[in-house]
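Visitor:
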Amino acid sequence: MIGFIGRRILQSIPTLILISLLLFFGMQAVPGGPLSAFAFRPGMSNAARQAIVHQWGLDQPVYVQYLQWAKSMLTGSWQFSFFMHRPVREVIFSRLPATIILMVTAYIIQQVIALPAGIIAALRRYSFFDQAVTFFSYVGYSMPTFWLGLMLLLIFAVFIPILPVAGIIDVRLTGAPFLTADYNAWFGQHPIAGILDILSHIVLPATTIAIVGIAGDSRFMRSSMLDAIHQDYVRTARAKGLSERVVVLKHALRNALLPVITNIGIELPLLFSGAVVTEAIFSWPGMGQLFFQALEAFDYPLLMGILSVSAVLIILFNLLADIAYAYIDPRISYA
Amino acid sequence: MLDSRQLAGETLIPVGAGIEDVDSIGVKQFSFRELTFRRFMNHPTAKWALLALGVLVVACYGAPLWHLLFPNYIQAPDQFSLGDAGTGPSLQHLMGTDSYNGHDIFSLVLYGGRFSIFIGIGSMVIAVIIGVAWGATAGYFGHALDAVLMRITDVFLTVPALLLVPLAARVFGEASPWKIALIFGLLSWPSISRIVRSMFLSLREMQFAEAARALGVPNSRIIFRHLLPNAVGPIVVAFTLGIANNIVLEAFVSFLGFGIQPPNYSWGSTLAGAQGVLVAGNWWWITFPGLAVVATVLCINFIGDGLRDALDPKIIR
Numbered sequence: 004m005i006g007f008i009g010r011r012i013l014q015s016i017p018t019l020i021l022i023s024l025l026l027f028f029g030m031q032a033v034p035g036g037p038l039s040a041f042a043f044r045p046g047m048s049n050a051a052r053q054a055i056v057h058q059w060g061l062d063q064p065v066y067v068q069y070l071q072w073a074k075s076m077l078t079g080s081w082q083f084s085f086f087m088h089r090p091v092r093e094v095i096f097s098r099l100p101a102t103i104i105l106m107v108t109a110y111i112i113q114q115v116i117a118l119p120a121g122i123i124a125a126l127r128r129y130s131f132f133d134q135a136v137t138f139f140s141y142v143g144y145s146m147p148t149f150w151l152g153l154m155l156l157l158i159f160a161v162f163i164p165i166l167p168v169a170g171i172i173d174v175r176l177t178g179a180p181f182l183t184a185d186y187n188a189w190f191g192q193h194p195i196a197g198i199l200d201i202l203s204h205i206v207l208p209a210t211t212i213a214i215v216g217i218a219g220d221s222r223f224m225r226s227s228m229l230d231a232i233h234q235d236y237v238r239t240a241r242a243k244g245l246s247e248r249v250v251v252l253k254h255a256l257r258n259a260l261l262p263v264i265t266n267i268g269i270e271l272p273l274l275f276s277g278a279v280v281t282e283a284i285f286s287w288p289g290m291g292q293l294f295f296q297a298l299e300a301f302d303y304p305l306l307m308g309i310l311s312v313s314a315v316l317i318i319l320f321n322l323l324a325d326i327a328y329a330y331i332d333p334r335i336s337y338a
Numbered sequence: 402m403l404d405s406r407q408l409a410g411e412t413l414i415p416v417g418a419g420i421e422d423v424d425s426i427g428v429k430q431f432s433f434r435e436l437t438f439r440r441f442m443n444h445p446t447a448k449w450a451l452l453a454l455g456v457l458v459v460a461c462y463g464a465p466l467w468h469l470l471f472p473n474y475i476q477a478p479d480q481f482s483l484g485d486a487g488t489g490p491s492l493q494h495l496m497g498t499d500s501y502n503g504h505d506i507f508s509l510v511l512y513g514g515r516f517s518i519f520i521g522i523g524s525m526v527i528a529v530i531i532g533v534a535w536g537a538t539a540g541y542f543g544h545a546l547d548a549v550l551m552r553i554t555d556v557f558l559t560v561p562a563l564l565l566v567p568l569a570a571r572v573f574g575e576a577s578p579w580k581i582a583l584i585f586g587l588l589s590w591p592s593i594s595r596i597v598r599s600m601f602l603s604l605r606e607m608q609f610a611e612a613a614r615a616l617g618v619p620n621s622r623i624i625f626r627h628l629l630p631n632a633v634g635p636i637v638v639a640f641t642l643g644i645a646n647n648i649v650l651e652a653f654v655s656f657l658g659f660g661i662q663p664p665n666y667s668w669g670s671t672l673a674g675a676q677g678v679l680v681a682g683n684w685w686w687i688t689f690p691g692l693a694v695v696a697t698v699l700c701i702n703f704i705g706d707g708l709r710d711a712l713d714p715k716i717i718r
């Protein structure tokens, strides 16, 4: 088992190096290069321009820049953001909690609805419920996440104004932006009001992500369950007179869940993409919103940092899913 | 893989069909293509989706013609008259007007659909060409070449396309529909190459491939004549579903302003700016272009599913 994990980690190293090379040299291909970020200050003197170029180390050969960047990613503070004037690591870590809160909430809503829906749909194949689930999943799957978010916003924040339009907290209530020292102090004093505040803000973005996810997951659970029900061991279980409850829960469901668990690793990029989209719509102060801000300004150290972190997270979760799968299913060998 | 005689025997034995069609055994022989077509048309939703998609495509690509026929109702985006901004749906403006320039949204949806559909299809054509070549090479030759090619594929699959596309659009500079289609194509091939590779890994071990090799058939001919036709099914399905994906992704990227930009329009770029007036309750601007995307993507997904079932009748549904 440890050998298996070690091998998988070793395998992901070349992938990460390739990703960083691709991204880094891709950034150099932007018209004007990394310097294009500063081009919007037309009155800049040549000397000032030279000073900036030198300050950011952009006068070095590209491969030296890459090595410096890689060194900074591994040991340092991930270089400096052009526009935030803070180390990239600090900027990203200040935004990561909001994204994780959003993803986890959305994922819980998604699974709580999708798994039972898929299982019941499979057990009552072709019933009204099954057809409703199938129809819903087709429609949900075909909807652009951002548009769904906007429609929910229109309905539940504009026409029936019961939920907030944007953000993660109500600054009028807390008196300070999310995760600042003042906010943390306020949260310490009013934990219940703080949690309720975040909850009211998270409903719309999390539901948006979850609806699209439910569409895919309920279908996946349904087909996996259908597959399991038709297996010989299920027929055997029925034939030896076990109750339907035991047959379904112990024999069919446990096996049907195996592919669903591996699917978590495949789903994470989708979940992450969903979070990126909804953050842009709901001004959720997470990584996704940060990414589009950085892209707007072409803050490329920050862009590199965000892309690297998302790549590492995705590789990590794929690995975790593989390990979980190998652990749960004894038929899988670690080789 | 699929033997048409066997399939015909299993699934389609027309009773009392025209006597002249029936051979000595009394079973009509269908080619694989005929069978697939029949199964597709028997699918409960796929044929209606195909019809609906046809109507949508004609409606969008016929936009210049509708403009000539009904100049009062359909305006070309380059000659918009500045009308009443932010009016709701009416007979004059079926889907209302936008809140800044008073552009007719129905016209924008029709004209914009051309580029949305073009980018969806164009990008996947590029993706299939690259993906098939890449996956076939990796799967057929195997060993070190396979390892290297698939590592590169992993790179593209690890960073979400959602982040790479706007970045690439920025790298490519001013975005024309062609460039956007190219960018989407260059980022969509890895999933196709994965599918082709896994098909080729098993196909190359089949006896007919071994027989071809034993006869001294060159590798390129084995790949294109013997193996590729057997992998067409999953490729066609992935192609179809990829079109749907890319239409959705394009809508988002253009909505944010990183994709198609005026004077060109797509469904996504039509929506750019709509979020700002959402709070004022201008529901029509956001609703109708989005519904166009949903309708198109829904049709394509139904067609993709119909194709999957038609090409692989063994799936339990």
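Order-wise, the sequence lines are chains L and G.
Under our numbering, the residue at position 146 of the first sequence is numbered 149, and the numbers go up by one with no gaps.
Under our numbering, the residue at position 213 of the second sequence is numbered 614, and the numbers go up by one with no gaps.
Each residue gets a CB set at the ideal place from its N, CA and C atoms; glycine is no exception.
#1: Which residue marks the beginning of the alpha helix (DSSP H) containing M204 (chain L), and which one marks its end?
#2: Closer than 8 Å, Cβ to any Cβ of chain G: which residues of the region 127 to 139 of chain L, in chain order?
#3: Run down chain G in chain order and give the residues with a C-beta less than 8 Å from the C-beta of L319 (chain L).
#4: Under the DSSP definition of a beta bridge, which residues are partnered with D505 (chain G)?
#5: So, under 8 Å CB-CB, I475 (chain G) and F689 (chain G) are touching, yes? Tell me the CB distance rounded to an integer number of Å.
#6: Quick one: using the 10 Å Cβ neighbour count with 16 as the cut-off for buried, is Q141 (chain L) buried or exposed?
#7: With 16 other CB atoms within 10 Å as the buried threshold, where does Q82 (chain L) fall?
#8: Flag W686 (chain G) as yes if its beta-carbon sits less than 8 Å from any beta-carbon of chain L, otherwise no.
#9: What whole-angstrom Cβ distance do I704 (chain G) and A450 (chain G) have, given they're in contact under 8 Å?
#10: Between which two residues does the alpha helix (DSSP H) containing K253 (chain L) stretch?
#11: Would you mind telling me which residues of chain L sit closer than 9 Å to V633 (chain G), beta carbon to beta carbon, in chain order?
#12: Scan the region 632 to 669 of chain G and note each continuous alpha helix (DSSP H) run of 4 residues or more that stays entirely inside, going in chain order.
#13: Go to M3 (chain L), then tell me how far its alpha helix (DSSP H) extends in each direction, as first and last residue.
#14: Scan the region 643 to 658 of chain G for residues whose Cβ lies nearer than 8 Å to a Cβ of chain L and list them as they occur along the chain.
#15: If you measure from the beta carbon of F223 (chain L) to each beta carbon in chain G, is any gap under 8 Å?
#16: Report yes or no: do three or more beta-carbon pairs, one from the region 199 to 210 of chain L and one from the region 162 to 171 of chain L, lie closer than 8 Å?
#17: Locate the alpha helix (DSSP H) running through I8 (chain L), then write down its first and last residues.
#18: I believe A314 (chain L) touches V560 (chain G) by the beta-carbon criterion, under 8 Å. Please report the beta-carbon distance rounded to the nearest angstrom.
#19: Rounding to the nearest angstrom, what Cα-Cα distance links A652 (chain G) and M224 (chain L) in this structure?
#20: Measure the C-alpha to C-alpha separation of A693 (chain G) and G463 (chain G) and round it to an integer number of angstroms.
#21: I'd like to know if the region 544 to 563 of chain G and the region 612 to 629 of chain G are in contact, where contact means that at least 3 CB-CB pairs between them fall below 8 Å.
#22: Rounded to whole angstroms, how far is the Cβ of A213 (chain L) from the Cβ of A109 (chain L), which I believe are closer than 8 Å?
#23: Pick from G:C461, G:L712 and G:L629: whose alpha carbon is nearest that of G540 (chain G)?
#24: In chain order, what residues of the same chain have a beta carbon less than 6 Å from the beta carbon of V280 (chain L), not counting five sequence neighbours either side?
#25: Can you say whether Q58 (chain L) is buried or exposed, counting buried as having 16 or more other CB atoms within 10 angstroms of its CB?
#26: Short of 7 Å in beta carbon distance, which residues of its chain neighbour L602 (chain G), apart from the five on each side in sequence? Order them along the chain.
#27: Which same chain residues, not among the five before or five after F573 (chain G), have their C-beta less than 7 Å away from its C-beta?
#28: Looking at the strands, I want to know which residues DSSP matches up with F349 (chain L).
#29: Do the CB positions of V161 (chain L) and L679 (chain G) come within less than 8 Å of each other?
#30: For N502 (chain G) versus A486 (chain G), is the C-beta spacing smaller than 8 Å?
#31: Indicate whether at least one CB of chain G lies closer than 8 Å to the CB of L25 (chain L).
#32: DSSP three-state label for G463 (chain G), please.
#33: Under the rule that 16 or more other beta-carbon atoms within 10 Å means buried, what is R598 (chain G), buried or exposed?
#34: Please go through the same chain and pick out, in chain order, the residues whose beta-carbon is closer than 7 Å to the beta-carbon of L13 (chain L), but skip the five residues on each side of it.
#35: Does the CB of R552 (chain G) have a neighbour CB from chain L at under 8 Å?
#36: Is it buried or exposed for G6 (chain L), if we count other Cβ within 10 angstroms and need 16 for buried?
Guide: So, to answer that:
#1: Before going on, a small fix: residue 204 (chain L) reads as His here, not Met. Note, H204 (chain L): alpha helix (DSSP H), P194 to I232.
#2: Residues: none.
#3: Chain G residues near L319 (chain L): none, gap ~11 Å exceeds 8 Å.
#4: DSSP lists G:T498 as partners of D505 (chain G).
#5: Between I475 (chain G) and F689 (chain G) a beta carbon distance of about 14 Å is seen, past the 8 Å cut, so the two are scored as non-contacting.
#6: The residue asked about is misnamed: residue 141 (chain L) is Tyr in this sequence, not Gln. Y141 (chain L) is buried by the Cβ-count criterion.
#7: By the 10 Å Cβ count, Q82 (chain L) comes out buried.
#8: No, no contact with chain L.
#9: Right, the Cβ-Cβ distance comes to about 5 Å (below 8 Å), so this counts as a contact.
#10: It is not in any alpha helix (DSSP H) - K253 (chain L) carries neither H nor E in the DSSP assignment.
#11: Under the 9 Å cutoff, chain L gives no residues; its nearest Cβ is about 23 Å from V633 (chain G).
#12: For the region 632 to 669 of chain G, not one full-length alpha helix (DSSP H) segment reaches 4 residues or more.
#13: The structure shown does not extend to residue 3 (chain L), since chain L is modelled only from 4 to 338, so the question has no answer here.
#14: If you check each beta-carbon in the region 643 to 658 of chain G against every beta-carbon of chain L, the ones closer than 8 Å belong to A645, V649, A652, F653, F656 and L657.
#15: By this cut-off, F223 (chain L) is not an interface position.
#16: Verdict: yes, contact present.
#17: Taken as a continuous stretch (DSSP letters only), the alpha helix (DSSP H) holding I8 (chain L) covers I5 to Q31.
#18: About 5 Å separates the two Cβ atoms, so the contact holds.
#19: A652 (chain G) and M224 (chain L): Cα-Cα distance of roughly 29 Å.
#20: Spanning the two alpha carbons is a distance of roughly 16 Å.
#21: In the pairwise beta carbon analysis, the region 544 to 563 of chain G is classified as not touching the region 612 to 629 of chain G: fewer than three pairs are separated by under 8 Å.
#22: Contact holds; Cβ gap of about 5 Å.
#23: Of the candidates G:C461, G:L712 and G:L629, the one whose C-alpha sits nearest the C-alpha of G540 (chain G) is G:L629.
#24: Taken in chain order, the residues that qualify are T148 and F149.
#25: Counting the other Cβ atoms within 10 Å of the Cβ of Q58 (chain L) gives fewer than 16, which makes it exposed.
#26: Hits under 7 Å: G540.
#27: Taking C-beta separations shorter than 7 Å and ignoring five residues to either side along the sequence, the partners of F573 (chain G) in its chain run K580 and I584, following chain order.
#28: Since the first and last residues shown for chain L are 4 and 338, residue 349 (chain L) lies out of range.
#29: Yes, they are a contact pair.
#30: The criterion of a C-beta distance shorter than 8 Å is satisfied by N502 (chain G) and A486 (chain G).
#31: Proximity of L25 (chain L) to chain G, defined by a Cβ-Cβ separation below 8 Å, is satisfied.
#32: Assigned with DSSP and collapsed to three states, G463 (chain G) falls in coil, not helix or strand.
#33: Burial state of R598 (chain G) is buried, judged by a 10 Å Cβ sphere holding 16 or more other Cβ atoms.
#34: Result list for L13 (chain L): empty, nothing under 7 Å.
#35: So yes, R552 (chain G) belongs to the interface.
#36: Classification of G6 (chain L): exposed, given that the 10 Å Cβ count is below 16.
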